Amino acid sequence: MQPLLEPGSVMEEGLVDSEPFPPQGSQHSASFGHWISTLRKRACEAYRRKPISYWFLLVLSSSAMLVAFPASSLLSRLYFQNGGTSKWIISWAAVAGWPITALILVPTYLVCKTLPTPLTLKLTFAYIVLGFLSAADNLMYAYAYAYLPASTAALLASSSLIFSALFGYLLVKNKINASIINAIVIITAAMTIIALDSDSDRYGNISNRQYIMGFIWDILGSALHGLIFALSELVFVKMLGRISFHVVLEQQLMVSVFAFLFTTIGMILNNDFQGMASEAKVFEGGKTSYYLVLIWSTITFQLGVLGATAVLFLSSTVLAGILNAVRVPLTSIAAVILMHDPMSGFKILSLTVTFWGFGSYIYGSSSASKGPIST
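Reading the sequence shown from the start, the letters are residues 1 to 375 in this note's numbering.
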């Protein structure tokens, strides 16, 4: 499963130190070494300006991203590996944690002394569409984790950056520079490397057709995630205008609620609520393990989303991009250690190339100007 928000969103408005880089005019000529030096200098200055409580929240949010998202991915694979079969159930678990976001949102109204954003008909319709697309996206990723090793699924899901950049360019008019184009080519090459190494990566109980379908569903899910990301930007730009922490949480909550409703309908039509009891009986480790996997899948996914939201708001999309890049190898390494995922030379090469692509994307995003934001 993937978070709704990703690096490069319009949440730059109102962020604290959201652009720790040289002025726009000098970025194109600055070397990478100068960029790193400037970043280090700005980071030291920012550290001295901020209270300890700010850094505590930032470290906590960053840790949530780096721990919760990989854990959610591993739990999704563990569900299928230990006997789970329903793609609807694990999709439902990903969005069933929306009350956690609500519990965080309600106190912000009291602390910030503000009121909820009015729900117009147009805004409600936008949330319904995003909720439906998010439900479909989670279902696609569920098929991917059913047929692919967690390490492979995580690597393929990194292609969402490609589609985020492309849809952002087409729908939100975000700029694409040479570094971002380079990242798109590099990450595409990494996906091709995985495809060429499918024989050493496939589980014994997974047929060649299932592996191919898992590969396709993962790429389609990443493409849909990129579209959701671009449409979410449009909601902020065209309908909300103001960017604040509680407004971002409101969007997360509303989209999750509608995704939960759509997924629940799918669960009912597929008789999966009744099927949960049957799955629990044959699940490796027993009923307790079965329900713990689903509960922790719910908790970790929501904590990851909340962590990503807080990082974007407290710091910058660039930091979120760095953390998002780091969690890909973390997920792959954890899958190899904890779930004994196959790790061939081709997959290591793909992981290295993907990390390179992330770096190019982050560098390019720091140079490209963001789309206009109405306030």
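For glycine and all other residues, C-beta sits at the position ideal for the given N, C-alpha and C. Computed from a prediction, not measured in an experiment: that's the story for all the values here.
Span separating the alpha-carbon of residue 334 from that of residue 70
8 angstroms
Looking at the structure shown, is residue 279 part of a helix, part of a strand, or coil, going by DSSP?
helix
Who are the near neighbours of residue 354 in its chain, counting only those whose CB is closer than 7 angstroms to its CB and skipping five residues on each side?
155, 158, 187, 190, 328
Taking buried to mean at least 16 other C-beta atoms within 10 Å of its own C-beta, is residue 24 buried or exposed?
Below a pLDDT of 50, predicted positions are generally treated as unreliable, and residue 24, at 48, falls in that range; no measurement from the model is reported.
Residue 267 and residue 260 look like a contact to me (Cβ under 8 angstroms); what is the Cβ gap, rounded to whole Å?
That pair is no contact at about 10 angstroms.
Counting Cβ pairs closer than 8 angstroms, one from the region 70-82 and one from the region 277-289, do we hit at least three?
yes
Beta carbon of residue 230 nearer than 8 angstroms to that of residue 167:
In terms of Cβ geometry, residue 230 and residue 167 form a close pair [threshold 8 angstroms].
According to the neighbour-count rule (16 or more other Cβ atoms, all chains shown, within 10 Å of its Cβ), is residue 202 buried or exposed?
buried
Using CA atoms only, rank isn't needed, just tell me which of 239, 173, 304 is closest to residue 123.
239
Taking one C-beta from the region 247-260 and one from the region 171-180 each time, how about it: are there three or more such pairs within less than 8 angstroms?
no
Rounded separation between residue 377 and residue 361 - CA only
Nothing can be reported for residue 377, as the shown portion of the chain is limited to 1 through 375.
Go ahead and label residue 209 buried or exposed: buried means 16 or more other beta carbons lie within 10 angstroms of its beta carbon, across all protein chains shown.
The residue in question, residue 209, is exposed, as its Cβ has fewer than 16 Cβ neighbours within 10 Å.
If we count the other Cβ atoms within 10 Å of its Cβ and call it buried at 16 or more, is residue 98 buried or exposed?
buried
Is the separation between the beta-carbon of residue 147 and that of residue 211 shorter than 8 angstroms?
yes
Between the CA atoms of residue 347 and residue 152 - distance to the nearest angstrom
8 angstroms
Could you check which residue in 311, 104, 351, 204 has the C-alpha nearest to that of residue 58?
311
Would you kindly work out how many angstroms separate the C-alpha atoms of residue 279 and residue 116, rounded to a whole number?
40 angstroms
Let me confirm a value: residue 298 is counted as buried when at least 16 other C-beta atoms fall within 10 Å, else exposed. Which label applies?
buried
Please state if the CB of residue 245 and the CB of residue 163 are separated by a distance shorter than 8 angstroms.
no
Own chain, CB closer than 6 angstroms to residue 135, minus 5 neighbours either side, in chain order
259, 262, 263
Short Cβ contact (8 angstroms threshold) for residue 309 with residue 249
Result yes, Cβ atoms of residue 309 and residue 249 sit closer than 8 angstroms.
Let's test the definition: count the other Cβ atoms within 10 Å of the Cβ of residue 49 and tell me whether it reaches 16, buried, or not, exposed.
Burial call: exposed.
Whole angstroms is fine: what's the gap from residue 125's alpha carbon to residue 227's?
The C-alpha of residue 125 lies about 16 angstroms from the C-alpha of residue 227.
Residue 301: beta carbon under 7 angstroms from a heavy atom of the ligand NAP?
You won't find the ligand NAP in this model; it holds no ligand whatsoever.
Reduced DSSP category for residue 340 - H, G, I as helix; E, B as strand; rest coil:
coil
Inside the region 190-218 only - alpha helix (DSSP H) runs reaching at least 4 residues:
198-201
Is it buried or exposed, residue 87, if we count other Cβ atoms within 10 angstroms and call 16 or more buried?
buried
Spatial neighbours of residue 100 within its chain, please: CB distance less than 6 angstroms, with the 5 preceding and 5 following residues excluded, ordered by chain position.
302
Restricting to runs no shorter than 4 residues, where is the alpha helix (DSSP H) found entirely within the region 138-169?
150-157
Could you tell me the distance, in whole angstroms, from the CA atom of residue 356 to the CA atom of residue 175?
21 angstroms
Would you decide whether residue 331 is buried or exposed? Buried here means 16 or more other CB atoms lie within 10 Å of its CB.
Answer is buried; the Cβ neighbour count reaches 16.
CB contact flag (residue 224, residue 105, <8 angstroms):
no
What's the C-alpha gap between residue 53 and residue 307?
16 angstroms
If you count every other CB in all the chains shown that lies within 10 Å of the CB of residue 138, and 16 or more means buried, which is it?
Counting Cβ neighbours within 10 Å, residue 138 comes out buried, since at least 16 surround it.
At what residues does the alpha helix (DSSP H) containing residue 264 begin and finish?
Here the alpha helix (DSSP H) through residue 264 covers 245-269.
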